[in-house]
Structures are given as C-alpha cells and as structure tokens.
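Okay, structure first, notes after.
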Amino acid sequence: MSHLIAPSILAADFGNLQRDIEMINNSEADWIHVDVMDGLFVPNISFGVPVIKAVQKHAKKMLDVHLMIVDPDRYIVNFKNAGAGLLTVHYEACNHLNRTVQAIKAEGMQAGVSLNPHTPIAVLEDIILDLDLVLLMSVNPGFGGQQFIENTYKKIIQLRDLIDKSGSKALIEIDGGVTDKNAHKLLTAGADVLVAGSFVFKSENPIQTIAELKNF
Ligand code: DX5
Ligand code: ZN
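According to the numbering used here, the sequence shown is numbered sequentially starting from 23.
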C-alpha cells in the first residue's frame, strides 16, 4: 500500500473553512485530519462537534478525528454523528482503553490510539490487535507549527516491529512537524499515514504541497 496523506485543518483558515475543505477534496490527500482539543488534556481549545458537522457537509474524504480530550468515552456517539470515519483517542486520556476502543468500533468507526512523545510503544502490547491505527505524536500535542521530535524515528521502528510480530493490521500515523525534510525518512522507518498542518496550509500552493508529500 502506498502511504496516505492527511492534511490537518487545525492550520486552515477558519473564516474560509469551506474553501479549504474543497481544496483538500481537489487534492491528492487521502483523509482530512481533525484535531479536537479540550483545554484539559492539552493546554489549548480548538473546536468541537458543530464545526466537525460543518466540515463533513463539504468533505469528500474520510474524517480522521484526533481527540485530545480527557475521558473521550463521553462523546464517542457525538463524533460518529458528526461524521468521523476514524476516531483516535489518547492512551494517556483513557482509564479503560480496551472498553473505549470497543465502543468506537461498536459505532462502526475505525479505532485509533495515540501516544504522546514520552509514552513508550510497549504500553500497546495488549491492545495492538484491536487497533486500526496507532498515531505517534511527533510533537507535544496542543499546537500546530511545532518542531518535530527526532526520537519519533526510533518509536516508528519499534512500533513496526510490534505490529509485524503480533499480526496486527494497524496503520502507523505520524502527527506533528511533518515537512518535506522528514517525510521520506518517516516513510522509510515504517510510517503509513502522514499528518501535515502548517506545512500544507502555510505553503504557497497547498495542492502542490500535498502532491509532493503524496509522491515521495
Ligand atoms: C497537534 C495536532 C496536529 C497538528 C499538526 O496537537 O495533533 O495534528 O495539527 O500541525 P503541524 O503539522 O503544523 O505540526
Ligand atoms: Zn492531530
């Protein structure tokens, strides 16, 4: 499988959200990455369900919803109704991760789990077979436009090994500080999905930037 690109609308122009979603529709992007922040799990608030519903109205690609919120079980149905195709929760935000993952799947969504930069891959050993995706944060979550953390490469290699040994079908998604400078190395290490916010939306020609990332 060739790798997937998921532009993050956290870096979009919220005053022109429809325009920016249509740009993604017309690009080689595979998914639309949607970052939900609650001001508790991370020190920032982004947007919630009504905004995602508006995005879904115009989106022609799957919504890849990344929840940076505490106790996400409270809102699984709401995000399903808002149009999420894949719902990713943080390992660090769930007391009963197995239950949360099963609840996401019971709603007919794909289930992802995200790890913060300091969380070791080994914590996934007993859940990896249940996952459709693992999202490795390559910055500390909460903000776009931060610098990529180099330790991520080591974690991708460890995660690829865990996935292969267990027979899991989970995809590896990398989120934070992705650019044309690190994309190739990330893919070589074993990444399947690259999220890119600032690098896409702050570029002069976002459609072309997405194509560059897609065709590495
Ligand atoms: C950060 C978010 C990322 C963010 C990435 O907490 O999870 O998805 O949008 O933005 P860039 O690509 O600018 O680092
Ligand atoms: Zn994200």
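All residues carry an ideal CB built from backbone N, CA and C; glycine is no exception.
- VAL156: member of the beta strand (DSSP E) spanning 155 to 159, first to last residue.
- In the three-state reduction of the DSSP assignment, MET131 falls in the coil class.
- Beta bridge pairing from DSSP links GLU195 with LEU157, VAL215.
- Apart from sequence neighbours up to five positions away, the residues of its chain that approach GLY164 with a beta-carbon distance below 6 Å are VAL64, PRO65, ASN66, ordered along the chain.
- Distances from the CA of HIS88 to each of THR174, ASN138, GLU44 were compared; the closest alpha carbon is that of ASN138.
- Within the same chain, Cβ atoms closer than 6 Å to the Cβ of GLY105 are found at GLN78, LEU85, the five residues on either side in sequence being excluded.
- When beta bridges are read from the DSSP output, ALA28 appears opposite VAL217.
- Going by beta carbons, LYS187 and LEU158 fall outside the 8 Å limit.
- In this structure, DSSP gives HIS206 a helical state, which the three-state scheme calls helix.
- If you ignore the 5 residues before and after ILE74, its C-beta comes within less than 8 Å of the C-beta of VAL56, VAL58, LEU85, VAL87, PHE101, ALA104, GLY105, ALA106, all in its own chain and listed in chain order.
- Bounds of the beta strand (DSSP E) holding ILE54 are 53 to 59.
- Out of GLY199, LYS236, TYR97, GLN180, the CA that lies nearest to the CA of GLY166 is found in GLY199.
- The continuous alpha helix (DSSP H) containing ASP183 extends over residues 174 to 188.
- Inter-residue distance for GLY134 and ILE150 is about 10 Å (C-alpha atoms, whole angstroms).
- Around the Cβ of ASP154, a 10 Å sphere holds 16 or more other Cβ atoms; the residue is buried.
- The beta carbon of ASP152 sits closer than 6 Å to the beta carbons of VAL123 from its chain, once the five residues preceding and following it are set aside; these are given in chain order.
- Distances from the CA of ALA76 to each of PHE36, ARG182, LEU193, LEU235 were compared; the closest alpha carbon is that of PHE36.
- Sequence-distant Cβ neighbours of LEU109 in its own chain, meaning closer than 6 Å and more than five residues away, are VAL87, PHE101, ILE126, MET131.
- For MET23, the three-state secondary structure derived from DSSP is coil.
- Taking a 10 Å sphere around the C-beta of PRO142, we find fewer than 16 other C-beta atoms and assign the residue as exposed.
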